[in-house]
Amino acid sequence: MLVDAPPPYPGHAQSHQGYGYRQQHGAAHNQPLYPTGQQRQGEAVPVTIESAYVTEASSVDDFLGYSIFTMLFCCPPLGIAACVYSLSVRQANRVGDRMSAEQDSRTTTKLNHVALGLGIASWVILISLPILYFVITYSF
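Quick note on our numbering: the sequence shown kicks off at 11 and runs consecutively.
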């Protein structure tokens, strides 16, 4: 069963079959499509938009990597709080609020140091307790 192609939309030019392209007006006589330097009104013009992310050399450090490390391996509650403050420092740097960035950076550093200290202490205790238990239990 063969089905004919649907009729074209109103105001739409007839489509050409095959893989060829439609010949442009003026192209048959080697004439330029538009006078040099001009375009038809209403035609889309390609626009290139370039964006650049500029960071200042004097931006405040956010310690995000340190915060993620302390969150994963040392003390998760303090690490999460440090991550929140690190992101706050990053946002303040982006906006240009240096005073807020410095204050949040100091808070992030303190939280990370405390989390690292607690993490090291808990890992030492966690490793030494089974060894101490084994030594006390089987030494006699």
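Yeah, the Cβ is synthetic: ideal placement off N, Cα and C, and Gly gets one too.
Length of the line joining the Cα atoms of residue i and residue j
i	j	result
ASP114	ILE135	31 Å
TYR148	ALA131	26 Å
ALA92	SER68	21 Å
SER77	VAL145	36 Å
GLU112	LEU74	14 Å
HIS123	GLU60	41 Å
ILE137	CYS85	16 Å
ARG116	TYR143	40 Å
ARG108	PHE83	30 Å
LEU126	TRP133	10 Å
THR58	ILE90	41 Å
Cutoff 6 Å; reference residue i; Cβ partners in own chain excluding five residues on either side
i	result
SER110	ALA102
SER98	ASP114
TYR100	The sequence given here has Arg at residue 100, not Tyr. Around ARG100: ASP72.
Buried versus exposed call for residue i [16 or more other C-beta atoms within 10 Å across all chains shown]
i	result
LEU88	buried
GLY129	buried
SER96	buried
THR80	buried
VAL70	buried
VAL105	exposed
LEU121	buried
Coarse secondary structure for residue i, derived from DSSP in three states
i	result
SER68	coil
THR58	coil
GLY89	helix
SER149	coil
PHE79	helix
GLY106	coil
PHE144	helix
Cβ-based neighbour list, residue i, same chain, cut-off 8 Å, excluding 5 preceding and 5 following
i	result
PRO56	none
Close-in-space but distant-in-sequence residues of the same chain around residue i (CB under 7 Å, 5 per side omitted)
i	result
THR119	PHE73
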